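Note that the protein sequences, when read in sequence, are chains A and B. Residue 6 is where the first sequence starts when you use the numbering used here, and the numbers rise one by one after that. Residue -16 is where the second sequence starts when you use the numbering used here, and the numbers rise one by one after that.
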Amino acid sequence: KAGVTQTPRYLIKTRGQQVTLSCSPISGHRSVSWYQQTPGQGLQFLFEYFSETQRNKGNFPGRFSGRQFSNSRSEMNVSTLELGDSALYLCASSPEAGAESGYTFGSGTRLTVV
Amino acid sequence: KQEVTQIPAALSVPEGENLVLNCSFTDSAIYNLQWFRQDPGKGLTSLLLIQSSQREQTSGRLNASLDKSSGRSTLYIAASQPGDSATYLCAVTPTTSGTYKYIFGTGTRLKVLA
């Protein structure tokens, strides 16, 4: 059974550019969440989607956005990149709307902004 | 506001030792608590998921306990091996209405010496 797949694994972007990261959840999983991990702030919640609807959003500026498609795949977009956006971005999926089943994480996308 | 603390921040032990990692959370209103392992530069691997109604979970050499009333969880690793070297993270899911997101601790970086 395939796990959570995130693409690309690594990205280098220049300040001011925008970037789109992709996440394919485990087959049958309908909930997808995104997290940002940095050495200074640790793991922080970005947003969560279920059935193409954003149910929750963390405390990040509007430059961070996301969406979920009808096949549960999700994308997140960061516009006008800043140096501080350099981080490991992790996607997680869960079978249901709630948290009872826990989440399975992907390997992440390492974004470097120069 | 839920806060999660992990002690110690780093730990170095000789191979074969039994060890305990600690996780504390400030608000007992949680759906569940999950322990993860993270290898350098990689994603999160789920180790154990404990529902709020449960007291403990076991998998192989790992045992995790949950005392919701005191806001504590421990991860016990028996007969540690060099392959156990990684950062261990605990995360709780608060029961705030409509919020299905993890609040992560800062992690314990474990090194098992051969």
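Don't be surprised by glycine CBs; every beta carbon is placed ideally from N, CA and C. All values reported here derive from a predicted model rather than from experimental measurement.
The stretch 27 to 40 of chain B makes no contact with the stretch -13 to 4 of chain B; the number of CB pairs closer than 8 Å stays below 3. Cβ proximity to chain B below 9 Å picks out Ser36, Ser38, Tyr40, Gln42, Gly47 and Leu48 from the stretch 34 to 48 of chain A. DSSP, reduced to helix, strand and coil, places Lys25 (chain B) outside both helices and strands of the structure shown, so it counts as coil. In the DSSP assignment, Val9 (chain A) falls outside any beta strand (DSSP E) and carries neither an H nor an E. Short of 7 Å from the beta carbon of Gly33 (chain A), and not among the five residues preceding or following it, lie these beta carbons of its own chain, in chain order: Pro100. Excluding five sequence positions before and after Phe19 (chain B), the CB atoms of its chain that fall closer than 8 Å to its own CB belong to Leu27, Thr28, Ser29, Leu30, Tyr71, Leu72, Cys73 and Ala74, given in chain order. Unbroken beta strand (DSSP E) runs of no fewer than 3 residues, entirely contained in the stretch 46 to 82 of chain A, are found at 47 to 55, 58 to 62 and 69 to 73, following chain order. If you check the CB distance, Gln21 (chain B) and Gly107 (chain A) do not come in under 8 Å. Against chain B, a Cβ distance below 9 Å from Gly71 (chain A) picks out nothing, because the smallest value is about 14 Å.
DSSP, read as helix, strand or coil, puts Asp10 (chain B) in coil.
Within the stretch 51 to 62 of chain B, no residue has a Cβ lying closer than 8 Å to any Cβ of chain A.
With respect to chain B, the C-beta atom of Phe65 (chain A) has no partner C-beta closer than 8 Å. For the set B:Lys94, B:Leu49 and B:Tyr14, the Cα lying nearest the Cα of Gly66 (chain B) is the one of B:Lys94.
The beta carbon of Glu57 (chain A) is closer than 6 Å to those of Gln73 in its chain, skipping five residues each way along the sequence.
In terms of Cβ geometry, Tyr40 (chain A) and Phe55 (chain A) do not form a close pair [threshold 8 Å].
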